[in-house]
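Undergrad: The structure is given below, and queries will be raised subsequently.
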Amino acid sequence: MMKRTWTFGLIALFIGITACSHFQNREAAYLDSVKGRATQTEVRQELGAPKAVRKSDEGETVWVYEIREQQAGNR
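The opening residue of the sequence shown carries number 5 in the numbering used here; numbering runs sequentially from there.
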């Protein structure tokens with residue numbers, strides 16, 4: 005009985021973690037869909053101006069966006 009409980013618990017935990025990892029906000033879904041093909045102008049039109057613009061160690065430009073979502077339990 006104890007082994008069955010542990011097995012069920014581990015399966016439930018795995019399903020919960022897997023399910024939560026598939027939720028993506030609109031902005032992240034957009035960026036995933038245009039990765040490697042969108043221009044900076046197109047990204048700016050879709051997401052607006054970035055909160056910050058930085059340079060990576062390799063010298064590449066990195067745009068930083070901040071997304072805040074209101075959750076039903078936090079109102």
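Positions of the beta carbon are idealized from the N, C-alpha and C atoms, including for glycine. The structure displayed is predicted, hence computed values, not measured ones.
Report all residues from its chain with a CB closer than 8 angstroms to the CB of Tyr34; omit the five preceding and five following residues, and keep chain order.
TA: Closer than 8 angstroms at the Cβ level, and outside the excluded window around Tyr34, lie Glu50, Leu51.
Undergrad: At the level of alpha carbons, what is the spacing between Gly77 and Lys39?
TA: Looking at the two C-alpha atoms, the distance is approximately 33 angstroms.
Undergrad: For Val47 versus Arg58, is the C-beta spacing smaller than 7 angstroms?
TA: Taking 7 angstroms as the Cβ cut-off, Val47 and Arg58 do not qualify as a contacting pair.
Undergrad: In this structure, how does DSSP classify Arg72 when only helix, strand and coil are distinguished?
TA: In the structure shown, Arg72 sits in coil (DSSP, three-state: anything other than H, G, I, E or B).
Undergrad: Helix, strand or coil: which one does DSSP assign to Ala56?
TA: Three-state DSSP puts Ala56 in a strand.
Undergrad: Could you tell me the alpha carbon to alpha carbon distance between Gly13 and Glu62, rounded to whole angstroms?
TA: Their Cα atoms are separated by approximately 45 angstroms.
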